[in-house]
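Engineer:
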Amino acid sequence: MSTESKHIVSYKTFIIVWALLLFLTAVTVWVAQINLGFLNVVAALAVATTKACIVILFFMHLKYENKLFKISVFMTFLVLALFIGFTFFDVAYR
Amino acid sequence: MSNIHKDYLGSKFGMWLFLFTEILLFGGLFILYSIYLHKYPTEFHLAGKELNVYFGGGNTVALVTSSLFMAMSISAIQKDDKKLAITFLSITLALAFVFLTNKYFEWGAKFHHGIYPDSPALLERPKGEIIFFGLYFVMTGLHGIHVIIGAIIIIYTLFMLKYEKVNKDDFVLLENAGLYWHLVDLIWIYLFPLFYLIL
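Residue numbers (numbering that gives the first Met the number 0), protein chains in the order written: chain A, 0 to 93; chain B, 0 to 198.
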């Protein structure tokens, strides 16, 4: 009678994930101090997206969920990327 | 023990579907942000420098740590350790209040300097900076409302844990509360570099 996801994630795994997220936070703050021009935006978004993936996979248990969850999360971000992509296609070539 | 059938998978999937609408809600605001960043890069840069990285960074650490304890409290209840689950979830709640207190002082300092939506001091500034601070208040404000709602859900879940409505065999409420809380963390992961570290 228990919940489908019987997978118990160990405290140790979560603490490693947490340390990694704090490390990546320090990396973004550090990179922002260096003037790379446009690359600053790219670097900030790349690190943020890495952190987001870690949070979704481990803290939100997506790694241990079935395909239905994985596909629909992927589709949502794909739709968001399409929205942003097409908007920029418009803005950049106006 | 009740023998009422509960659809755990459906319950969790329903929560995810709701989170997708939240992602698209904030996604719209991020589109707005990126277009104005594209249009007013220097103004965004100057205005962003006025935000305090220590407030933003401190709140990042508070939220990430609160997420850690939320995730661990689910592991604890799966191991049938009710006491530890309650302790972990209480720490999450405490960190939510740390976040909100921080935000209170941060916004308070801005108000003190005469910067709030439609304030005379703000309206004298260049258009790009007005837009930057407008987006700052709307996006961190909407995020702050989510933190408050998350804290209320956590308090409710704490009571359910205490009275063993949430237990080793039925903890989907705690899982869904966790999903909501991690989403709040997820959005902050993007808000922090875009507003405080810019660019």
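Ideal Cβ positions, reconstructed from N, Cα and C, are used throughout, including at glycine.
Give me the subset of the region 94 to 118 of chain B whose CB atoms are less than 9 Å from a CB atom of chain A, sorted by chain position.
Structural biologist: From the region 94 to 118 of chain B, no residue has a Cβ closer than 9 Å to chain A.
Engineer: Determine, using beta-carbon pairs with one atom in the region 59 to 73 of chain B and one in the region 11 to 19 of chain A, whether at least three such pairs fall under 8 Å.
Structural biologist: With the cut-off at 8 Å, the region 59 to 73 of chain B and the region 11 to 19 of chain A touch.
Engineer: In angstroms with no decimal places, state the Cα-to-Cα distance between A/Leu38 and B/Lys82.
Structural biologist: Their Cα atoms are separated by approximately 48 Å.
Engineer: Going by C-alpha to C-alpha distance, which of B/Asn175, B/Ile186, B/Ile197 and B/Tyr195 sits closest to B/Tyr15?
Structural biologist: Looking at the sequence itself, residue 15 of chain B is Trp, so the reference to Tyr does not match. Checking every option, the nearest Cα to that of B/Trp15 belongs to B/Asn175.
Engineer: Taking DSSP's pairing of strands, which residues face B/Asn166 in a bridge?
Structural biologist: For B/Asn166, which the question treats as bridged, DSSP gives the partners B/Asp169.
Engineer: Is the beta carbon of B/Ala46 less than 7 Å from the beta carbon of B/Glu128?
Structural biologist: Cβ atoms of B/Ala46 and B/Glu128: closer than 7 Å.
Engineer: Less than 7 Å between CB atoms is the rule here; does B/Val146 satisfy it with respect to chain A?
Structural biologist: Not an interface residue.
Engineer: If you count every other CB in all the chains shown that lies within 10 Å of the CB of A/Thr24, and 16 or more means buried, which is it?
Structural biologist: Buried: at least 16 other Cβ atoms inside 10 Å.
Engineer: Is the region 22 to 39 of chain B touching the region 77 to 93 of chain A in the sense that three or more CB pairs, one from each, lie closer than 8 Å?
Structural biologist: Yes, the region 77 to 93 of chain A is in contact with the region 22 to 39 of chain B.
Engineer: Hey, B/Ile76 and B/Ala84 are a contact pair by Cβ (cut 8 Å); roughly how many whole angstroms apart?
Structural biologist: The pair is a contact, with the Cβ atoms about 4 Å apart (cut-off 8 Å).
Engineer: Check each candidate in B/His111, B/Gly149 and B/Pro125 and name the one with the smallest Cα separation from B/Lys38.
Structural biologist: B/Lys38 has its Cα closest to that of B/Pro125, out of B/His111, B/Gly149 and B/Pro125.
Engineer: Going by DSSP, what residue range makes up the alpha helix (DSSP H) through B/His37?
Structural biologist: Start and end: Tyr7 to Lys38.
Engineer: At 7 Å on the CB atoms, spell out the chain A contacts of B/Met71, in chain order.
Structural biologist: Within 7 Å Cβ-Cβ: Tyr10 and Phe13.
Engineer: Determine whether the Cβ of B/Phe132 lies closer than 7 Å to any Cβ atom of chain A.
Structural biologist: Not one chain A Cβ lies under 7 Å of B/Phe132.
Engineer: Put B/Pro119 into one of helix, strand or coil per three-state DSSP.
Structural biologist: Three-state DSSP puts B/Pro119 in a helix.
Engineer: At least one CB of chain B closer than 7 Å to the CB of A/Phe58: is that the case?
Structural biologist: Taking Cβ atoms only, chain B reaches closer than 7 Å to A/Phe58, which makes this a yes.
Engineer: Within the same chain, show all residues whose beta-carbon is closer than 8 Å to that of B/Gly13, passing over the 5 residues directly before and after it, in chain order.
Structural biologist: Excluding sequence neighbours, B/Gly13 sits near nothing in its chain.
Engineer: Apart from the five residues on each side of it in sequence, which residues of its chain come closer than 6 Å, Cβ to Cβ, to B/Lys102?
Structural biologist: Closer than 6 Å at Cβ, skipping near neighbours: Gly143.
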